[in-house]
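What follows is one structure encoded as structure tokens, with my remarks underneath.
There are 2 protein chains.
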Amino acid sequence: MTDHLPLKLEHFLPYRLSVLSNTISQGIAREYHTRFGLSITEWRAMAVLARFDKSKLSARQVAERTAMDKVAISRAVGKLVARSLVNRKMHQDDRRRSVLALTPKGWFIHNQVAPLARGYEREVLKKLNSEEQVWLNRILDKLSPL
Amino acid sequence: MTDHLPLKLEHFLPYRLSVLSNTISQGIAREYHTRFGLSITEWRAMAVLARFDKSKLSARQVAERTAMDKVAISRAVGKLVARSLVNRKMHQDDRRRSVLALTPKGWFIHNQVAPLARGYEREVLKKLNSEEQVWLNRILDKLSPL
DNA sequence: TGGTTATAGTTTCAATTGCAACTATTAGCA
DNA sequence: TGCTAATAGTTGCAATTGAAACTATAACCA
Numbered sequence: 001m002t003d004h005l006p007l008k009l010e011h012f013l014p015y016r017l018s019v020l021s022n023t024i025s026q027g028i029a030r031e032y033h034t035r036f037g038l039s040i041t042e043w044r045a046m047a048v049l050a051r052f053d054k055s056k057l058s059a060r061q062v063a064e065r066t067a068m069d070k071v072a073i074s075r076a077v078g079k080l081v082a083r084s085l086v087n088r089k090m091h092q093d094d095r096r097r098s099v100l101a102l103t104p105k106g107w108f109i110h111n112q113v114a115p116l117a118r119g120y121e122r123e124v125l126k127k128l129n130s131e132e133q134v135w136l137n138r139i140l141d142k143l144s145p146l
Numbered sequence: 001m002t003d004h005l006p007l008k009l010e011h012f013l014p015y016r017l018s019v020l021s022n023t024i025s026q027g028i029a030r031e032y033h034t035r036f037g038l039s040i041t042e043w044r045a046m047a048v049l050a051r052f053d054k055s056k057l058s059a060r061q062v063a064e065r066t067a068m069d070k071v072a073i074s075r076a077v078g079k080l081v082a083r084s085l086v087n088r089k090m091h092q093d094d095r096r097r098s099v100l101a102l103t104p105k106g107w108f109i110h111n112q113v114a115p116l117a118r119g120y121e122r123e124v125l126k127k128l129n130s131e132e133q134v135w136l137n138r139i140l141d142k143l144s145p146l
């Protein structure tokens with residue numbers, strides 16, 4: 001076994017993914033943080049509330065859809081409610097659940113951040129030709145259910 | 001422009017990369033954290049010191065090689081020194097610089113963590129056939145200099 | 001030289017996060 | 001029913017992180 005030999009971090013998949021992912025996420029996040037005062041968690045919560053607007057999601061559902069834990073979502077939603085970007089009601093049939101939705105003010109901000117995020121994604125994908133983009137999606141599909 | 005339409009997070013590249021990368025990194029990190037009490041930063045510093053053993057790196061060089069900031073490295077190295085996993089001397093010609101190297105005890109732990117990390121990477125790559133693995137590397141090469 | 005600027009690394013303090021404990025409510029079932 | 005277990009969400013506290021300020025040393029240059 002030569003398994004104990006030093007790793008070459010720059011060829012080590014988990015490290016490369018981590019650096020790439022952080023670079024991209026922080027690049028977008030810095031922009032919407034300075035312009036709109038949103039954290040990553042807050043923006044993700046807004047994004048799923050926008051997408052599933054009709055379904056009136058609960059905090060737990062937001063947590064599932066954003067792959068974040070419920071404490072993070074609780075705090076993020078708390079701030080969004082305090083800023084009147086999200087409206088929180090109690091579920092009629094299950095008084096434990098919350099019923100969340102973007103306010104008009106929340107939609108207004110969402111509609112500015114969404115293109116910004118899309119634009120950044122486009123910038124990244126520009127570095128790949130269309131064949132590579134297809135492979136990347138296929139690879140992410142295969143790796144994602146880890 | 002329809003750019004303001006809600007994002008589908010599950011198809012949004014930065015989000016997918018972030019979830020995948022966190023899943024992988026935390027999977028490995030939990031293992032070496034419970035077994036050896038190392039944080040991700042600490043392990044990365046050790047990995048770099050192992051790889052460039054001969055060069056006697058400074059903290060700044062470790063920071064560059066691990067893509068972490070100098071404050072994080074300063075703290076990580078501080079803990080590693082406290083645990084006698086890393087030896088820290090002052091550079092002879094430039095007394096600002098530190099000269100870092102793994103101790104035998106540090107090597108002993110490194111030699112256990114390295115195979116663990118490699119094994120985890122193998123597990124991940126097992127989900128891809130060799131053609132996909134080649135494409136993944138090519139894609140990461142093209143995206144990495146962001 | 002000497003005076004300014006730059007660099008290496010640490011420290012400080014506030015903000016963020018992560019985990020466990022907690023409250024309130026509902027579900028399951030004998 | 002009434003008791004126990006499960007679920008939704010919040011809170012508290014300790015640990016981690018991030019940004020700026022700070023110390024010490026070296027480099028630059030008039």
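Protein sequences appear in the order of chains D and V. Counting in my numbering, the first sequence runs without a single skipped number right up to 146 at its last residue. Counting in my numbering, the second sequence runs without a single skipped number right up to 146 at its last residue. The beta carbon of each residue, even a glycine, is placed where N, CA and C say it ideally should be. All values derive from a computational prediction rather than experimental measurement.
Looking at the ligand FAD, does it come within less than 7 Å of residue i, judged from the CB to the closest heavy atom?
i, result
"Arg88(V)", "Absence of the ligand FAD is noted for the structure shown, with no ligands found whatsoever."
For the candidate residues the options, whose alpha-carbon lies nearest to that of residue i?
i, options, result
"Ser98(D)", "Gly78(D), Leu7(D) and Phe108(D)", "Gly78(D)"
"Thr23(V)", "Leu13(D), His110(D) and Gly27(D)", "Leu13(D)"
"Leu9(D)", "Ala114(V), Lys89(V) and Met90(V)", "Ala114(V)"
"Gly27(D)", "Tyr120(D), Arg96(D) and Val48(D)", "Tyr120(D)"
"Lys127(D)", "Asp141(V), Asn129(V), Ser130(V) and Thr2(V)", "Asp141(V)"
"Arg75(D)", "Leu146(D), Arg44(D), Glu132(D) and His110(D)", "Arg44(D)"
"Ile109(D)", "Arg83(D), Arg96(D) and Asn129(D)", "Arg83(D)"
"Thr41(V)", "Gln61(D), Tyr15(D), Val48(D) and Ala63(D)", "Tyr15(D)"
Go ahead and pull the three-state DSSP assignment for residue i.
i, result
"Arg97(V)", "coil"
"Met68(D)", "coil"
"Asn129(D)", "coil"
"Leu102(V)", "strand"
"Arg83(D)", "coil"
"Lys89(D)", "strand"
"Leu9(D)", "helix"
"His110(V)", "helix"
"Thr23(D)", "helix"
"Val41(V)", "The sequence shown places Thr at residue 41(V), rather than the Val named in the question. Helix."
"Pro169(V)", "Lying outside 1 to 146, the shown extent of chain V, residue 169(V) is not represented and no answer is given."
"His4(D)", "coil"
So, residue i versus residue j, is the Cβ gap smaller than 8 Å?
i, j, result
"Leu100(D)", "Ala50(D)", "no"
"Met46(D)", "Gly106(D)", "yes"
"Ser144(V)", "Leu20(D)", "yes"
"Ala117(V)", "Leu116(D)", "no"
"Val86(D)", "Leu80(D)", "yes"
"Gln112(D)", "Leu125(D)", "no"
"Leu146(V)", "Leu17(D)", "no"
Review point. Between the stretch 133–146 of chain D and the stretch 25–36 of chain D, do three or more beta carbon pairs fall short of 8 Å?
Key: no
Point to revise | Touch test, the stretch 50–61 of chain D against the stretch 57–73 of chain V, Cβ-Cβ under 8 Å, three pairs minimum | key: no
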